[in-house]
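Chemist: Residue numbers (the working numbering), protein chains in the order written: chain A, 1 to 286; chain B, 1 to 455; chain C, 1 to 313. Would you mind keeping the following structure in view while I ask a few things?
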Amino acid sequence: MSQGASTKGNRRWALVTAYICLLVFAVFFLFPPYYMLITSFKTNEEISAQRGTPLLIQEGPTLEHYRKLFFETDFPIFFKNTVIVTFFTVIISMGVSVLAAYSLSRLRFWGATVMATGVFLTYLVPDTLLFIPLFKVVGWLGLLNSKWSLVVVFPTLAVPFATWIMIGYFASIPKELDEAALIDGAGHFQMLIRIFMPVAMPGIIAATIFCFTVSWAGFLYPLAFIYSNDQMVATVGTVSSLIRGDVFHWGGLMAGALVAAAPPVIIYAFLMDYYISGLTAGATKG
Amino acid sequence: MNRPEEHRQAKLTRRQVLKGTVAAAAIAGFPHVRTAHAAGEVTLGIWDHWVPGANDVMTQLCTEWGKQNKVEVKIDYITSIGFKDSLTAAAEARAKTGHDIISLATWQTTIHKSSLEPVDEQVKYLANKYGPITPDGEYCFKHDGRWMSLPAPAGGNHSYPMVSRLDLFQKHAGVDLKKVFPASKTRDKALVDAWNYDNFLKYCEKLHQAGFPYGNPIGPTSDSQDWLCPLFLSFGSVPADKDGKIMLDSDGTRMALEYVQKLVKFMPPDIYAWDDAGNNRWIISGKGSSIQNPPSAWTVAVRDQPKVAEQLWHHDVPRGPKGRFRGALPRGNGIWKFAKNKSAAKDLLVWLLEKDQQFKLITASKGYDVPFFPALFDHPIWAEIGPPVGGQYNYPIRGDETIIVGGYPSPQNMGAQIYTQALIPNLVAKVTKQGLAVNEAIKWAVGELEGYKRG
Amino acid sequence: MSRVVTRKDAEVAASVTPVGVGAYRRFLKRRSTLAVALVTPLIVLIGGLIVYPFFYAIYLSMLNKAETAVVGLANFRFLFTRDTFWMVVWQSTLFALTAVFFKALIGFILAHAIHVLPDRRQRFWRGVSLVPWVMPPALSTLGWWWLYDPTYSAFNWILGALFGVHVAWLSEPNWARFSVILVNVWYGAPFFLIMYLAALKSVPAGLYEAAEIDGANARQKLIYVTLPMMRNIIAITVLFSIIVTFANFDIVRVLTQGGPFNTTHLFGTYSFLLGIQSGDIPLGASVSLFMFPILGVLAFFILRNVRKRATEL
């Protein structure tokens, strides 16, 4: 897969430079998670004293922080809530996005292009502006302090981009498929399900993973709308349970942060190819 | 889908609605005949206490009260990290739905006063029994002549005494802090008077030379306001008087700024970046000789660095030319105007503020909570907790310190902005870090104050 | 949707007979009803949870502090007189433009680096590079905070061991700004990397071969083949990232809370300070709204350019 390199020497030089660059940035990208990992295994004593190098575990690793995380805080509840919220958010977001993307890209109607651009522009309105008016909306829905409030508001973070990805994918499917299906007597809805979705599956998977990541990482909305521990999600819960007053339990914080951050990383590791191909194909075609 | 989900923590047995009786009133201790309104349900959103076990005692007490009064009590514990409690108050005020009793951090009563139910009678009753509420509480809870919230029964008040290493002060500054501020009522007036800012500056110089500086943050954090604002007051520097007239451009301010300029030379350079735990970490690491903080630093030191912990003594702040002032962070519990069960809420809060309950809660907080009512200062815990034993005796005010909140005595509206927008630390940093001339910096601060007068 | 429409029907309907026109019209109507029906959930979601709150926020920004009277643009006029506000404007712009520039640059360089590798190796490096973007930013920023902590910073330990210096990562205004930008670049560069890598792969190899035959060297290939082919994707990712970076809240909130001395405040965090902490929600809303027109204009121009080029292609 080279870019038409001419001589062997050129190619080797290119490879060497490439590897150097990649190594440097790999260190840059992976150092913070590495440091979080070893901190989560250090004893409190080692963390608060300052002897020797902080880059390694010197006084023996401990599982104490993880034990406390799972057995002495409400972290399992937070994790469970995050899973529930994310599951429903993904379903709703994908439902809304796929239907809308299909409509905007294939069913030509007046205002479709404007709406498609408009969808993208909703990203201009940040959640830091919206959360205050949303107090009213969420209160009116009776969902203040409920994890279901997140299932309602998180889709606003995911749907615009997911729709845009899907539009890109659907738009790239040749029009002949439509007409062939029509001739065969398929209705539009059947076309969507039987033809488009299978063909656009990489894009759908990519959009799904995107919705998942956004929902899992949500921070400001849970911070604003939820205050009971039994409704709280992992991101906010980790911070609020493990910073008590002005006392920071760094070991526990790092442990909690890693466990809370792990699922997206794991999912991504398995579905990486789909994620990348879907994310990018939709973009380059859009 | 209109009620929040049931909360495991404080759900109690349900009972039928009963007509009130004098007996019930006697249990509550409040001379107010209970009516049928008091039964039903009361919801609380109160501060999540960071001391392990403290929340459980609160839950127990509320359960007890609920049983006696045939009211179901539900509690949510809301943290103040990330201003979560302020967010919750803002959400409930805007959505006009939420708990009956809501935790109100220092400025939240001011901010939400038009949505709160007045509690004058309740304050009068308690003050008659236990003495007047300390000035910091009055400043935060009383607005336009009416009391809009009650002191929080738990997590009510945390003040910022000095926390110093006895050994380091003895060795390098030649001061025996235990002698100046003993764990008893007998104090040597001469020694206490000698604990003033001029002498303190000399001690800091010596400690700095010895490699153990005094450290306190200068930044947007509340720890910064809680030592700098009282310091300025003790030099006679007032941001505005109680009518809102801006008084910052004064000799007192200049003296305070000049003093801090000198003091900062003997403090570590990182203080501008310290968060609220920065000074804790400083003293726990063993590098610091003194900070100003409630006993949370000591609590962590006991766990992580016991050798440091046993040398930590909490004591008064130095005196300035115009008095001795200590900073504090009052917290109130308010009742929303739209609360569903106001009378039960009022009764519950008053009951929790009675001596028996307060003593239990103070014990549960291991002395971290300081009450607003002077009659409650004789709780034994502060004399007993240690090591070092007696180290927290002077955590409640025992001497001539006036306890205030940063922003005092300006009108609370202005005070809220002075505090949350870190006017005084910003003013200090403009001089000590950015090298602005004192007059320039004061001019800038006066401009900011003009802006805070907006309604 | 049970009635089957055949192509023949459509052709018949196309010929202008009254009965045929009616049938054809019915077909059209049905299609656009379906179209509208499919888009409705999106419209409800965006209308109720973005558009309505947005207009409510505009309304809020026109109230006085106590929310008892409408004061029009007084909040904005007040903000314009505050030098802290202009600091925030400048800081947000600096933050967004610098961070996006470096994210794009790093993404571009790394995309090329990975592109040069043999296929099976690419997977591994792609994986490694995406880790920062997949971790929830609120949590990974905690890790960075720990790395920058004044007392315990690992960076300072390394610097101290190697050069004997000690950097005040979060307490010097310029270092604080650097630190915040660094975290954002760390978090966002992988996104650019992935987008550009895919775009690189979609550049037809034939173009490069043609260029070589014309005698182009590597640099010229980059300028005359790669960049033009990637213009659209570069424009879209940069626009998207500028918008999202301007609105950043988590990183500054966790690392510096806007300090030291308001030198790292962005619109989001300053609005939170004024609105929630100081209790002036209308003023906070005004701060947040300020960036909207600027970003809107930027988005309009860039998207218009992209569309034009897309139709040209």
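The C-beta atom is built at its ideal place from N, Cα and C for all residues, glycine as well. The structure displayed is predicted, hence computed values, not measured ones.
So the candidates are A:197, A:98 and A:25; which of them puts its Cα closest to the Cα of residue 109 (chain C)?
Modeler: Here the question's residue 109 (chain C) lines up with position 109 in the third sequence. The shortest Cα separation from residue 109 (chain C) among A:197, A:98 and A:25 belongs to A:25.
Chemist: Could you give the distance in angstroms between the alpha-carbon of residue 214 (chain A) and the alpha-carbon of residue 154 (chain A)?
Modeler: Reading the first sequence from its first residue, position 214 is the one you call residue 214 (chain A). Reading the first sequence from its first residue, position 154 is the one you call residue 154 (chain A). Roughly 8 angstroms between the two C-alpha positions.
Chemist: Residue 122 (chain A) versus chain C: which residues are under 7 angstroms apart at the beta carbon?
Modeler: In the first sequence, the residue the question calls residue 122 (chain A) occupies position 122. Chain C residues near residue 122 (chain A): 46 and 50.
Chemist: On the three-state DSSP scale, how would you describe residue 165 (chain B)?
Modeler: Here residue 165 (chain B) corresponds to residue number 165 of the second sequence, with the count starting at 1. Reduced to three states, the DSSP call for residue 165 (chain B) is strand.
Chemist: Are any of the Cβ atoms in chain A nearer than 8 angstroms to that of residue 342 (chain B)?
Modeler: Translated into the one-based positions of the second sequence, residue 342 (chain B) becomes position 342. Judged by the 8 angstroms Cβ criterion, residue 342 (chain B) is not in contact with chain A.
Chemist: With a threshold of 8 angstroms between beta carbons, is residue 273 (chain C) in contact with chain B?
Modeler: Translated into the one-based positions of the third sequence, residue 273 (chain C) becomes position 273. It does; some Cβ of chain B falls within 8 angstroms.
Chemist: Cβ of residue 209 (chain A) within 8 angstroms of Cβ of residue 268 (chain A)?
Modeler: Against the first sequence, residue 209 (chain A) aligns to sequence position 209. Against the first sequence, residue 268 (chain A) aligns to sequence position 268. Yes, these two residues count as a Cβ contact at 8 angstroms.
Chemist: Can you find a heavy atom of the ligand FMN that lies under 7 angstroms from the Cβ of residue 182 (chain C)?
Modeler: With respect to the ligand FMN, the structure offers nothing, as it holds no ligand at all.
Chemist: Select from the stretch 147 to 171 of chain B all residues with a C-beta closer than 8 angstroms to any C-beta belonging to chain C, and list them in chain order.
Modeler: Cβ contacts with chain C: none found.
Chemist: Out of C:282, C:130 and C:178, state which residue places its alpha-carbon closest to the alpha-carbon of residue 74 (chain C).
Modeler: Position 74 of the third sequence, counted from the start, is the residue given in the question as residue 74 (chain C). Checked all of C:282, C:130 and C:178; the closest Cα to residue 74 (chain C) is C:282.
Chemist: Could you name the residues of chain B that residue 81 (chain A) contacts, counting a contact when the two beta carbons are closer than 7 angstroms?
Modeler: For this step, residue 81 (chain A) is matched to residue 81 along the first sequence. The premise fails here: residue 81 (chain A) is roughly 11 angstroms from chain B at the closest Cβ pair, so nothing lies under 7 angstroms.
Chemist: Do residue 150 (chain C) and residue 273 (chain B) have their CB atoms nearer than 8 angstroms?
Modeler: One-based indexing of the third sequence puts residue 150 (chain C) at position 150. One-based indexing of the second sequence puts residue 273 (chain B) at position 273. Closer than 8 angstroms, so yes.
Chemist: Per DSSP, what kind of secondary structure is residue 151 (chain C) in: helix, strand or coil?
Modeler: Counting from one through the third sequence, the residue named residue 151 (chain C) turns up at place 151. Residue 151 (chain C): coil per DSSP, three-state reduction.
Chemist: Just checking: is the beta-carbon of residue 68 (chain A) within a distance shorter than 8 angstroms of some beta-carbon in chain B?
Modeler: In the first sequence, residue 68 (chain A) corresponds to position 68, counting from 1. Not an interface residue.
Chemist: Using a Cβ-Cβ distance under 8 angstroms, would residue 189 (chain C) count as near chain B?
Modeler: Numbered from 1 along the third sequence, position 189 holds the residue referred to as residue 189 (chain C). No, its Cβ sits nowhere closer than 8 angstroms to a Cβ of chain B.
Chemist: Does any CB atom of chain A fall closer than 8 angstroms to the CB of residue 243 (chain C)?
Modeler: Position 243 of the third sequence holds residue 243 (chain C). It does: the Cβ of residue 243 (chain C) has a partner Cβ on chain A nearer than 8 angstroms.
Chemist: Measuring alpha carbon to alpha carbon, tell me which residue in B:119, B:164, B:88 and B:78 is nearest residue 314 (chain B).
Modeler: Numbered from 1 along the second sequence, position 314 holds the residue referred to as residue 314 (chain B). When only C-alpha atoms are compared, the closest one is B:164.
Chemist: Less than 8 angstroms between the CB atoms is what I'm expecting for residue 254 (chain A) and residue 43 (chain A), so what's the real figure, rounded?
Modeler: For this step, residue 254 (chain A) is matched to residue 254 along the first sequence. For this step, residue 43 (chain A) is matched to residue 43 along the first sequence. Between residue 43 (chain A) and residue 254 (chain A) the Cβ distance is about 13 angstroms, and since that is not below 8 angstroms, they are no contact.
Chemist: Which residues in chain B sit within 7 angstroms of residue 227 (chain A), going by Cβ to Cβ distance?
Modeler: In the first sequence, the residue the question calls residue 227 (chain A) occupies position 227. The answer, in chain order, is 45, 76, 78, 84 and 88.
Chemist: To test your reading of the DSSP string, which unbroken alpha helix (DSSP H) runs of 4 or more residues are found completely within the stretch 175 to 251 of chain A?
Modeler: You should have 175 to 183, 188 to 191, 201 to 217, 220 to 225 and 234 to 242.
Chemist: Could you tell me how far apart the beta carbons of residue 409 (chain B) and residue 241 (chain B) are, in whole angstroms, since I believe they sit closer than 8 angstroms?
Modeler: As a position in the second sequence, residue 409 (chain B) is number 409, starting the count at 1. As a position in the second sequence, residue 241 (chain B) is number 241, starting the count at 1. About 6 angstroms; that satisfies the 8 angstroms criterion.
Chemist: From the beta carbon of residue 174 (chain B), is the nearest beta carbon of chain A less than 8 angstroms away?
Modeler: Within the second sequence, residue 174 (chain B) is the residue found at index 174, counting from 1. It does not: the Cβ of residue 174 (chain B) has no partner Cβ on chain A nearer than 8 angstroms.
Chemist: Taking the alpha-carbon positions, what's the residue 145 (chain C) to residue 175 (chain C) distance?
Modeler: Here residue 145 (chain C) is taken as the residue at index 145 of the third sequence, counted from 1. Here residue 175 (chain C) is taken as the residue at index 175 of the third sequence, counted from 1. Taking the straight line joining both Cα atoms gives about 14 angstroms.
Chemist: From this set, B:78, B:92 and B:127, which residue's C-alpha is nearest residue 116 (chain B)'s C-alpha?
Modeler: The residue you call residue 116 (chain B) lines up with position 116 of the second sequence. Comparing Cα positions, the closest option is B:92.
Chemist: So which residues of chain B does residue 109 (chain C) contact, with C-beta pairs closer than 7 angstroms?
Modeler: Numbered from its first residue, the third sequence carries residue 109 (chain C) at position 109. Residues of chain B passing the Cβ test: none, with the nearest at roughly 32 angstroms.
Chemist: Taking the alpha helix (DSSP H) that residue 347 (chain B) falls in, what are its first and last residues?
Modeler: Counted from its first residue, the second sequence places residue 347 (chain B) at position 347. It spans 342 to 352 - the alpha helix (DSSP H) in which residue 347 (chain B) sits, taken as one unbroken run.
Chemist: Given a limit of 7 angstroms on CB to CB distance, which residues of the stretch 261 to 293 of chain B reach chain C?
Modeler: Residues 269, 270, 272, 273, 274, 278, 281, 282 and 285.
Chemist: Is there at least one Cβ from chain C nearer than 8 angstroms to residue 36 (chain A)'s Cβ?
Modeler: As a position in the first sequence, residue 36 (chain A) is number 36, starting the count at 1. True, the Cβ-Cβ gap to chain C drops below 8 angstroms.
Chemist: Mapping DSSP to helix, strand and coil, what is residue 74 (chain B)?
Modeler: Walking along the second sequence from the start, residue 74 (chain B) turns up at place 74. Correct three-state label for residue 74 (chain B): strand.
Chemist: Buried or exposed for residue 160 (chain A), going by 16 or more other Cβ atoms inside 10 Å?
Modeler: Translated into the one-based positions of the first sequence, residue 160 (chain A) becomes position 160. Flag for residue 160 (chain A) reads buried.
Chemist: Answer yes or no: do residue 29 (chain A) and residue 137 (chain C) have a C-beta to C-beta separation smaller than 8 angstroms?
Modeler: The residue labelled residue 29 (chain A) in the question sits at position 29 within the first sequence. The residue labelled residue 137 (chain C) in the question sits at position 137 within the third sequence. No, these two residues do not count as a Cβ contact at 8 angstroms.
Chemist: Does chain A have any CB closer than 8 angstroms to the CB of residue 126 (chain C)?
Modeler: On the third sequence, residue 126 (chain C) is found 126 positions in, with the first residue counted as 1. At least one chain A Cβ lies under 8 angstroms of residue 126 (chain C).
Chemist: Would you decide whether residue 389 (chain B) is buried or exposed? Buried here means 16 or more other CB atoms lie within 10 Å of its CB.
Modeler: Working through the second sequence from its first residue, we reach residue 389 (chain B) at position 389. Burial call: exposed.
Chemist: Taking the beta carbon of residue 275 (chain B) as the centre, do at least 16 other beta carbons fall within 10 Å, making it buried, or is it exposed?
Modeler: Residue 275 (chain B) sits at position 275 when you count from the first residue of the second sequence. With 16 or more other Cβ atoms within 10 Å, it is buried.
Chemist: Give the interface partners of residue 219 (chain B) over in chain C, defined as CB-CB distance under 7 angstroms, in chain order.
Modeler: Looking up residue 219 (chain B) in the second sequence gives position 219. Ordered by position in chain C, the residues that pass the 7 angstroms Cβ test against residue 219 (chain B) are 259 and 260.
Chemist: Taking the alpha-carbon positions, what's the residue 229 (chain A) to residue 87 (chain C) distance?
Modeler: Taking the first residue of the first sequence as position 1, residue 229 (chain A) is located at position 229. Taking the first residue of the third sequence as position 1, residue 87 (chain C) is located at position 87. Those two C-alpha atoms are separated by around 38 angstroms.
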